[in-house]
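Enquirer: Right, I'll just put the structure down here and ask away after.
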Ligand SMILES: C[S@@+](CC[C@H](N)C(=O)[O-])C[C@H]1O[C@@H](n2cnc3c(N)ncnc32)[C@H](O)[C@@H]1O
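Numbering (this note's numbering), first residue to last: 51 to 294.
Encoded structure:
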């Protein structure tokens, strides 16, 4: 019975991914149409696809009573990667533009008073007060106006605060020294594959992060993809400190 449920859940996510993200309309409506039918199954499938999230959160060096903002936080799964002993002293706000995913987040955090869930656009949302850490987990690649989202994140971050991101990407043909270089095949294949589901892969976002926050730690690596044996998709983990 459990095996049957798992199979049904996988099929419903795969069906939605094959249909892809609607190309027209406002971003909120497109997200609802794409994620709505798979919201309940989202976490199970993404556990095997969205790598490096736990590691990114474990590497965040946060002061006592820090205010933490996740932009494009979806179902709130990442909140569970924060160590249990820190959860009570940190204040979290999770922002997303997709109502069905936020319903899952609300349910998940129903007994977690220090979490606020907000339906808003990452490009314009203003928290009540500046935060000590803002992070994007596989959301920068899904935000068409990602430059605005980055500006907004930095505007709302305290001097000396952390801006972190984990996401898929591919390099340019001639990446800056010290950065990963991906093959022409990878640079052609992955953007096309993920583009169908509204995920934009390119070098621009990581380049902008490195330029805006020269004091940073960066890891570029790759990870397996469900149902694509032998293939690995490039992704990065970035933690930068805003000049104080
Ligand atoms: C691949 S999901 C990642 C969700 C979550 N951060 C995680 O790691 O599981 C990308 C998220 O970005 C959100 N998103 C896309 N565009 C957005 C925008 N303009 N403002 C806020 N959230 C947005 C989507 O609704 C979705 O929840």
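Just so you know, even glycine gets a beta-carbon here, dropped at the ideal spot from N, CA and C.
1) Look up residue 266 in the DSSP assignment and give the residues it is bridged to.
2) Would you give the residue range spanned by the beta strand (DSSP E) that residue 117 belongs to?
3) On the premise that residue 155 lies in contact with residue 122, defined as a C-beta separation below 8 angstroms, what is that separation, rounded to the nearest angstrom?
4) How do the segment 143–163 and the segment 70–81 stand: do at least 3 beta-carbon pairs fall below 8 angstroms, yes or no?
5) As an exercise, report each continuous alpha helix (DSSP H) stretch of at least 4 residues that is fully enclosed by the segment 205–285, in chain order.
6) When the Cα atoms are used, what is the spatial distance from residue 179 to residue 281?
7) What does the Cβ neighbour count give for residue 157, buried or exposed, with the cut at 16 atoms within 10 Å?
8) How about residue 146: is its Cβ closer than 8 angstroms to a heavy atom in ligand 1?
9) Residue 91: buried (16+ other C-beta within 10 angstroms of its C-beta) or exposed?
10) Tell me, which residues are paired with residue 47 by DSSP?
11) Ligand 1 and residue 81: does any heavy atom of the ligand fall closer than 8 angstroms to the residue's C-beta?
12) Let me confirm a value: residue 237 is counted as buried when at least 16 other C-beta atoms fall within 10 Å, else exposed. Which label applies?
13) Which same chain residues, not among the five before or five after residue 187, have their C-beta less than 6 angstroms away from its C-beta?
14) Pick out whichever of 273, 272, 74 and 268 has its Cα sitting closest to the Cα of residue 291.
15) Kindly identify the DSSP beta-bridge partner or partners of residue 131.
16) When burial is assigned at 16 or more other CB atoms within 10 Å of the CB, is residue 211 buried or exposed?
17) Quick one: grab the DSSP three-state call for residue 188.
18) Would you say residue 59 and residue 84 are within 9 angstroms of each other, going by their C-beta atoms?
19) Smallest Cα separation from residue 240: which of 272, 229, 137 and 262?
20) Does the segment 110–124 come into contact with the segment 159–177, if we say contact requires no fewer than three beta-carbon pairs (one atom in each stretch) closer than 8 angstroms?
21) Is residue 193 near ligand 1, judged by its Cβ being under 8 angstroms from some heavy atom?
22) Quick check on the DSSP output: the alpha helix (DSSP H) that includes residue 153 runs from which residue to which?
23) For a quick check, are the C-beta atoms of residue 143 and residue 117 less than 9 angstroms apart?
24) Under a Cβ-count criterion, where at least 16 other Cβ atoms within 10 Å of its own Cβ denotes burial, should residue 214 be classed as buried or exposed?
25) At a threshold of 8 angstroms, does residue 127 count as lining ligand 1 (C-beta to nearest heavy atom)?
Expert: The answer reads as follows:
1) Residue 266 sits at position 216 when you count from the first residue of the chain shown. Beta-bridge annotation (DSSP): residue 266 is paired with 290.
2) Taking the first residue of the chain shown as 1, we reach residue 117 at position 67. Residue 117: member of the beta strand (DSSP E) spanning 117–121, first to last residue.
3) For the purposes of this step, residue 122 is taken as the residue at position 72 of the chain shown. For the purposes of this step, residue 155 is taken as the residue at position 105 of the chain shown. Between residue 155 and residue 122 the Cβ distance is about 12 angstroms, and since that is not below 8 angstroms, they are no contact.
4) Under the three-pair Cβ rule at 8 angstroms, the segment 143–163 counts as touching the segment 70–81.
5) Taking only runs of at least 4 residues, the alpha helix (DSSP H) segments lying wholly in the segment 205–285 are 234–245 and 254–262.
6) Position 129 of the chain shown, counted from the start, is the residue given in the question as residue 179. Position 231 of the chain shown, counted from the start, is the residue given in the question as residue 281. Our two residues, residue 179 and residue 281, have alpha carbons roughly 43 angstroms apart in a direct line.
7) Taking the first residue of the chain shown as 1, we reach residue 157 at position 107. Only exposed fits residue 157, as fewer than 16 other CB atoms lie within 10 angstroms of its CB.
8) Your numbering for residue 146 matches position 96 in the chain shown. Flag set: Cβ of residue 146 near ligand 1.
9) Numbered from 1 along the chain shown, position 41 holds the residue referred to as residue 91. Counting of Cβ neighbours within 10 angstroms places residue 91 among the buried residues, the total reaching 16 or more.
10) Here the chain covers residues 51 to 294 and nothing more, so residue 47 does not appear.
11) To locate residue 81, count along the chain shown from 1; it is residue 31. Indeed, a heavy atom of ligand 1 lies less than 8 angstroms from the Cβ.
12) Taking the first residue of the chain shown as 1, we reach residue 237 at position 187. If you draw a 10 Å sphere on the C-beta of residue 237, you find 16 or more other C-beta atoms in it, and that means buried.
13) Translated into positions along the chain shown, residue 187 becomes position 137. Contacts found: 103, 128 and 216.
14) Position 241 of the chain shown, counting from 1, holds the residue named residue 291. Of the residues 273, 272, 74 and 268, the one whose Cα lies closest to the Cα of residue 291 is 268.
15) For this step, residue 131 is matched to residue 81 along the chain shown. Per DSSP, none; premise fails for residue 131.
16) As a working note, residue 211 is residue 161 in the chain shown. Its Cβ being crowded by 16 or more others within 10 Å, residue 211 is buried.
17) Walking along the chain shown from the start, residue 188 turns up at place 138. It is coil, neither helix nor strand.
18) Position 9 of the chain shown, counting from 1, holds the residue named residue 59. Position 34 of the chain shown, counting from 1, holds the residue named residue 84. Against a cut-off of 9 angstroms, the Cβ pair of residue 84 and residue 59 comes out as no contact.
19) Position 190 of the chain shown holds residue 240. Distance from the Cα of residue 240 is smallest, within the candidate group 272, 229, 137 and 262, for 272.
20) The answer is yes - the segment 159–177 touches the segment 110–124, with three or more Cβ pairs under 8 angstroms.
21) On the chain shown, position 143 is the one that residue 193 refers to. Residue side-chain check: residue 193 places its Cβ nearer than 8 angstroms to a non-hydrogen atom of ligand 1.
22) The residue labelled residue 153 in the question sits at position 103 within the chain shown. Unbroken alpha helix (DSSP H) run through residue 153: 149–158.
23) As a position in the chain shown, residue 143 is number 93, starting the count at 1. As a position in the chain shown, residue 117 is number 67, starting the count at 1. Between residue 143 and residue 117, the C-beta gap is smaller than 9 angstroms, which places the two residues in contact.
24) Numbered from its first residue, the chain shown carries residue 214 at position 164. Residue burial annotation: residue 214 is buried, with at least 16 other C-beta atoms found within 10 angstroms of its C-beta.
25) As a working mapping, residue 127 is identified with position 77 in the chain shown. Because some heavy atom of ligand 1 lies under 8 angstroms away, the Cβ of residue 127 counts as near it: yes.
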